[in-house]
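Numbering (full-length UniProt numbering), first residue to last: 1 to 168.
We put the CB at the ideal spot given by N, CA and C, even for glycine.
All figures in this text were calculated on a predicted structure; none of them were measured in a lab.
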Amino acid sequence: MGFGHRVYKTYDPRSRIMKQICEQVLEQTGAINDPLLEIAMELEQIAVRDDYFVKRNLYPNVDFYSGIVLRALDIPVSMYTVIFAVARTVGWVSQWKEMVSEDTSKITRPRQMYMGHLERQFVAVARRGDASVIPNSCDLDSLLEDTAVYADGPYKRAVSVRAARVGV
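Set out below in structure tokens:
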């Protein structure tokens with residue numbers, strides 16, 4: 001959405017840094033004159049002064065500015081989610097590695113069972129049609145045959161490679 005954050009109830013400190021980066025990118029790319037980007041920057045100014053946004057602690061967040069930066073760099077909108085996910089993957093993996101390396105973890109989650117394919121052929125979105133539907137069931141014997149165990153010690157993760165969801 002670009003406004004508000006579940007943790008930061010005031011202006012997100014990361015947003016201030018991202019705003020500076022955004023301004024530099026706009027200046028260096030010449031995208032400062034892009035009408036949509038001008039609207040986005042004006043929207044920010046209006047929102048931080050608007051009672052509705054102020055009362056609800058809705059301030060521009062990192063995604064607000066990163067969306068502007070991606071547009072200024074001519075990144076296709078269809079790639080925004082991919083870029084956000086790839087950027088976050090490093091943090092997710094490092095948190096997982098930290099969790100499995102500790103003798104005692106402060107927060108642990110129940111065993112997770114991945115129910116998707118281990119490997120899949122890529123099919124272009126335009127050619128998928130009904131082929132993207134994955135069966136919504138699997139039998140337990142097949143599930144156990146295709147289960148891989150990751151990590152050692154008390155934090156073993158069993159991951160199934162059988163399909164069990166629709167539209168994944």
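According to the Cβ coordinates, are residue i and residue j closer than 8 Å?
i	j	result
VAL48	TYR59	yes
SER15	VAL54	no
Can you check which of these residues, the options, is closest to residue i by C-alpha distance?
i	options	result
ILE75	GLU27, ASP12, ALA31	ALA31
ASP12	THR29, ALA126, PHE64	PHE64
GLU27	LEU73, GLY67, TYR52	LEU73
residue 219	ARG56, SER66, GLU38	The structure shown does not extend to residue 219, since the chain is modelled only from 1 to 168, so the question has no answer here.
SER78	VAL125, TYR114, ILE21	VAL125
MET41	GLU23, VAL93, GLU102	GLU23
Under a Cβ-count criterion, where at least 16 other Cβ atoms within 10 Å of its own Cβ denotes burial, should residue i be classed as buried or exposed?
i	result
GLU44	buried
ASP139	Unreliable positioning characterises ASP139 in this predicted model, as indicated by a pLDDT of 47, which lies under 50. The coordinate reading is nonetheless provided below. ASP139 comes out exposed.
ARG71	buried
LEU37	buried
Could you pull out every residue in the same chain whose Cβ sits closer than 6 Å to the Cβ of residue i, ignoring the five residues on either side in sequence?
i	result
ASP34	none
LYS97	none
Exercise. Can you give, in chain order, each stretch of the beta strand (DSSP E) that sits fully within the region 46-72 and has at least 3 residues?
Worked result: The qualifying runs do not exist here; there are none.
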